[in-house]
Amino acid sequence: FLEEHPDITINYSSKRSSAEMLSAIQSEGGRPVTDVAIMDSAVSDSGNEQGLFEKITEADVPNLSKVKDEFQHDDGFGPLVGLDAVGLLYDTETFSEAPTSWEVLWDDAYAGQVQVVAPPSGLGLNLTAITATMLGEDYTESIDEAVAKLAELAPNVQSWAPNPDEYQSIITGQTVLGLGQNARGQYYSDDSDGKLGIAFPEEGTVYQRNAINLSAEAPNPEAAKTFIDYALSDEAQAAFAEALFYAPSTDVELPPEVSERIVQTDGSMEIIDLDPTWLGQVSGEWTDRWKREIIGG
Numbered sequence: 046f047l048e049e050h051p052d053i054t055i056n057y058s059s060k061r062s063s064a065e066m067l068s069a070i071q072s073e074g075g076r077p078v079t080d081v082a083i084m085d086s087a088v089s090d091s092g093n094e095q096g097l098f099e100k101i102t103e104a105d106v107p108n109l110s111k112v113k114d115e116f117q118h119d120d121g122f123g124p125l126v127g128l129d130a131v132g133l134l135y136d137t138e139t140f141s142e143a144p145t146s147w148e149v150l151w152d153d154a155y156a157g158q159v160q161v162v163a164p165p166s167g168l169g170l171n172l173t174a175i176t177a178t179m180l181g182e183d184y185t186e187s188i189d190e191a192v193a194k195l196a197e198l199a200p201n202v203q204s205w206a207p208n209p210d211e212y213q214s215i216i217t218g219q220t221v222l223g224l225g226q227n228a229r230g231q232y233y234s235d236d237s238d239g240k241l242g243i244a245f246p247e248e249g250t251v252y253q254r255n256a257i258n259l260s261a262e263a264p265n266p267e268a269a270k271t272f273i274d275y276a277l278s279d280e281a282q283a284a285f286a287e288a289l290f291y292a293p294s295t296d297v298e299l300p301p302e303v304s305e306r307i308v309q310t311d312g313s314m315e316i317i318d319l320d321p322t323w324l325g326q327v328s329g330e331w332t333d334r335w336k337r338e339i340i341g342g
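Residues 46 to 342 in this note's numbering are what the sequence shown spells out, letter by letter.
Okay, here's the thing in structure tokens:
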């Protein structure tokens with residue numbers, strides 16, 4: 046990008062979470078210094094409602110036309126730039142083949158060897174929806190059955206906390222099962238010479254969606270639009286997948302060795318349609334039930 050646009054300077058700032066990123070943008074007040082922000086779409090939707098981000102059109106960003114319809118924003122705000130999903134983490138020395146069901150987390154053979162990061166972490170919230178779906182329960186109406194099932198998981202869980210994180214816990218031999226984001230899991234799988242494995246169980250998983258957003262009253266609006274357009278180009282979308290294991294939001298063609306390691310977006314994988322905006326509305330209630338009935342029960 047910089048070779049093609051030598052007149053544009055990029056100042057990159059990273060945050061630990063999307064929520065922290067949004068908070069930083071809010072703190073800029075009426076004098077924004079951020080031009081473009083990539084964050085979880087549930088968090089960016091909150092920013093959209095607060096007037097922190099601008100709508101984007103194909104006139105400004107021609108490559109917006111490459112984004113699949115289902116990954117466009119319904120109201121015209123920033124589209125998805127990449128997708129990830131929750132996967133089952135496992136120790137490849139314990140499991141010669143990847144587990145095919147989330148039910149393995151409840152197997153008595155692995156008592157005290159499972160790590161689950163509890164809510165308010167998105168991992169625990171997503172596991173709630175996954176568990177409800179496994180049981181045939183409509184989590185938008187009730188999670189009573191899911192909570193009861195997750196309470197049965199407690200004896201197997203060594204830690205509900207992210208310390209050490211769910212990836213290192215398996216790599217260092219403290220646990221043999223957990224759940225985490227696929228993209229990060231793929232990175233740690235390579236970093237551990239294959240000690241860590243990650244799978245998508247047959248019952249389904251949940252997308253983690255990353256949107257690219259144009260700041261309202263961005264100090265460098267034209268450069269920002271140029272960068273967003275590049276991020277949606279075939280070159281950049283393929284680079285996201287190859288380097289970071291994020292699935293493209295476009296139809297860019299990927300090499301088989303890359304495609305097989307990212308979440309599939311072509312309908313071949315069972316995806317639980319968990320609305321991130323709706324989840325944000327119930328996350329407090331779900332977190333309270335975890336504390337009372339699962340962790341404390």
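The beta carbon of each residue, even a glycine, is placed where N, CA and C say it ideally should be.
{"Item": "Using DSSP with H/G/I as helix, E/B as strand and the rest coil, what is P321?", "Value": "helix"}
{"Item": "Going by alpha carbons, who is nearest to T102 out of Q95, K111, D85?", "Value": "K111"}
{"Item": "Expressed to the nearest angstrom, what Euclidean distance is found between the alpha-carbon atoms of P77 and A281?", "Value": "26 Å"}
{"Item": "On the criterion of 16 or more Cβ atoms from any shown chain inside 10 Å, does K270 qualify as buried, or is it exposed?", "Value": "buried"}
{"Item": "Quick test of your reading: Q203 and Q158, contact by CB under 8 Å. State the CB separation rounded to the nearest angstrom.", "Value": "6 Å"}
{"Item": "Using a Cβ distance threshold of 8 Å, determine whether the region 56-69 contacts the region 299-314, with at least three qualifying pairs required.", "Value": "no"}
{"Item": "Run through the DSSP bridge pairs and tell me what V131 is partnered with.", "Value": "Q226"}
{"Item": "Below 8 Å on the Cβ atoms is my guess for I188 versus T173; work out the distance and round it to an integer in Å.", "Value": "6 Å"}
{"Item": "If you run the structure through DSSP and keep just helix, strand and coil, what is G341?", "Value": "coil"}
{"Item": "For S68, does the count of other Cβ atoms within 10 angstroms reach 16, so buried, or fall short, so exposed?", "Value": "exposed"}
{"Item": "Quick one: give me the first and last residue of the alpha helix (DSSP H) that S304 is part of.", "Value": "301-304"}
{"Item": "Using 8 Å as the cut-off, classify the Cβ of Y57 as near or not near the heavy atoms of the ligand NAD, replying yes or no.", "Value": "Summarising the ligand content, the structure contains no ligands, and the ligand NAD is consequently not present."}
{"Item": "Kindly indicate which three-state DSSP category N255 falls into: helix, strand or coil?", "Value": "strand"}
{"Item": "Short of 8 Å in beta carbon distance, which residues of its chain neighbour W323, apart from the five on each side in sequence? Order them along the chain.", "Value": "T185"}
{"Item": "Would you check if the distance between the CB atom of Y57 and the CB atom of L134 is smaller than 9 Å?", "Value": "no"}
{"Item": "Which residues mark the beginning and the end of the alpha helix (DSSP H) in which L195 is found?", "Value": "189-198"}
{"Item": "Please name the residue in L125, P124, A130 whose C-alpha comes closest to that of I316.", "Value": "A130"}
{"Item": "Cβ of A256 within 9 Å of Cβ of G123?", "Value": "yes"}
{"Item": "Are E190 and L180 closer than 9 Å when you measure CB to CB?", "Value": "yes"}
{"Item": "Please name the residue, chosen from R334, H50, E49, L47, that lies closest to A193 on a Cα-to-Cα basis.", "Value": "R334"}
{"Item": "Could you round the C-beta distance between P246 and T145 to whole angstroms and report it? I think they count as a contact, below 8 Å.", "Value": "6 Å"}
{"Item": "Between which two residues does the beta strand (DSSP E) containing M84 stretch?", "Value": "81-85"}
{"Item": "Which residue marks the beginning of the beta strand (DSSP E) containing I243, and which one marks its end?", "Value": "241-244"}
{"Item": "Among S214, D90, L241, N201, which one has its Cα closest to the Cα of S141?", "Value": "L241"}
{"Item": "In the structure shown, what three-state DSSP assignment does L67 receive?", "Value": "helix"}
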